[in-house]
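Report on the following structure.
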Amino acid sequence: MTAAVSSASGLLALLEEPSDEVKYFALQKLETVVKDFWFEIAGSIAQVEALYEDDAFKHRELAALVASKVFYHLGELDDALTYALNSGSMFNVDEKSEYVDTLIARGLDKYFELRVKLIDKSEEVEIDERLSRVTEVMLNKCISAGQYEQAVGICLESRRLDKLEEVISSVDSVSRAPLLQCSLRTCQVTISNKQFRQQALRLLIKLFEGVEDPDLTEICQILMILNDSASVSRILARLLNGSKDDYLLAYQICFDLSDNENQVFLDRVIAELRVISTAAAVAAAGDVSASSSSSSSSSLKKDEEADVEVTDAVVKEENEGEEEEGVVVEGIDIEVNEDGDEAKNDKKSKKAKKSKVDDTNSNSNSANESETRANTPSTSTSTSIPPPT
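Just so we're on the same page, the numbering used here is the position in the sequence shown counted from 1, plus 79.
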């Protein structure tokens, strides 16, 4: 049976021993009773800190853990957090105790403060990597436990949009839409910096559009917060050209936007919708003219092709006729050659007779013409002038 410890003075005396093993034993016992005798250990806290600062001491992390718990009970949370981070693996973030929960909350607040100075105020700050590691450990714990809303809060408070995208992307499609709505509310309430809030809202729009059935109403509300009337006009124009349900959804979005009573924004949306409709009408007219011109050009092209085919056919027929004529002449020549000289002589005699007949006919025609002229009286001699009365 272990005897109950009534005081920590004996254990504190062991810290002055030269042996490191004795000091290590004393620290182990002090760590177990610090919650009951922290006020006694606080009087010798300098000795515990000295052991941590001694590089030759092999159990420095244990000394840092004891010092952290003493400062925690003293209410010095910043010092307690610093020594807890210095204790390394001795500080168990999975431990279910008020000490661990308090220091983790303080660590997250400290990390948030530094990130806000770095992102919102553009100040040069140095963030402890161990503090960042603790924050990421807690973020992963929230995701593993299914506490996605807390994970979203950590991401937005720490200005980590990359982690926010990872958290929302890790959720199934059914739970993603409610988580996006929660992120939107958190972004509007907790983030005061306009530039970072706009960046976060742009990311939320991207994540909303990645859902299988995106909530266009929420998207248009975010765009109105961003004062992006052009994107709202494009969404409404697409819905108005869609199905009947899309048409009704466009009206519902317009009613929701009108409830916000931002008349300047609504006027810009109306003007841009008119521009979009006009551009669509011009584009449609251009498509019609282009199609008609293309059809006329295609018909002309077909006519030209038909003319070319007809011309080719005519040329082909003429060539075939010439070839047949050439064949006939060639046959005649061959036949004449086979008949011999007799055929040639007959041909010559026929030509001579024909020329003689032609000469005779021409002479007779000339004689007849001269005789006709001689027999024909002149007009001046045949006409008589009657005598005067």
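Where is the CB? At the ideal position from N, CA and C, for every residue including glycine.
query	result
As assigned by DSSP and simplified to three states, the class of His152	helix
DSSP-derived helix/strand/coil call for Ile284	helix
C-alpha distance - Arg209 paired with Leu280, whole-angstrom precision	30 angstroms
Extent of the continuous alpha helix (DSSP H) run through Glu100	99-121
Whole-angstrom distance between Cys266 and Asn272, CA atom to CA atom	10 angstroms
Within 9 angstroms, strictly: CB atoms of Ser473 and Val231	Since the first residue of the chain shown is 80 and the last is 468, residue 473 is not available in this structure.
The alpha helix (DSSP H) enclosing Lys200, as first and last residue numbers	First-last for Lys200: undefined, no H or E at that position.
Separation of Leu144 from Pro97, as counted between CA atoms	21 angstroms
Glu136 versus Glu119: straight-line alpha-carbon distance, rounded	Note that residue 136 is Phe in the sequence shown here, rather than Glu. Taking the straight line from one Cα to the other gives about 23 angstroms.
Length of the line joining the Cα atoms of Tyr190 and Val172	16 angstroms
Own chain, CB closer than 6 angstroms to Leu243, minus 5 neighbours either side, in chain order	Cys234
Pairwise C-alpha distance: Thr181 and Ala92	30 angstroms
Whether Leu295 touches Leu259 by CB criterion (9 angstroms)	no
Classification of Asp324 by the beta-carbon crowding that lies within 10 angstroms, buried from 16 upward	exposed
Thr161 to Tyr103 span [Cα, whole Å]	21 angstroms
Whether Leu106 touches Leu153 by CB criterion (9 angstroms)	no
With 16 other Cβ atoms within 10 Å as the buried cut-off, status of Ile349	exposed
For Pro257, three-class secondary structure by DSSP	helix
Residue from Asp157, Val113, Arg185 whose Cα sits closest to the Cα of Met217	Arg185
Residues near Ile411 in its chain [Cβ-Cβ closer than 7 angstroms; skip 5 each side]	Residue confidence for Ile411 is low, a pLDDT of 37 falling below 50, so the modelled location carries little weight and cannot support an answer.
Assigned exposure category for Thr214 - 16 Cβ within 10 Å defines buried	buried
Simplified DSSP assignment, three categories, for Ala135	coil
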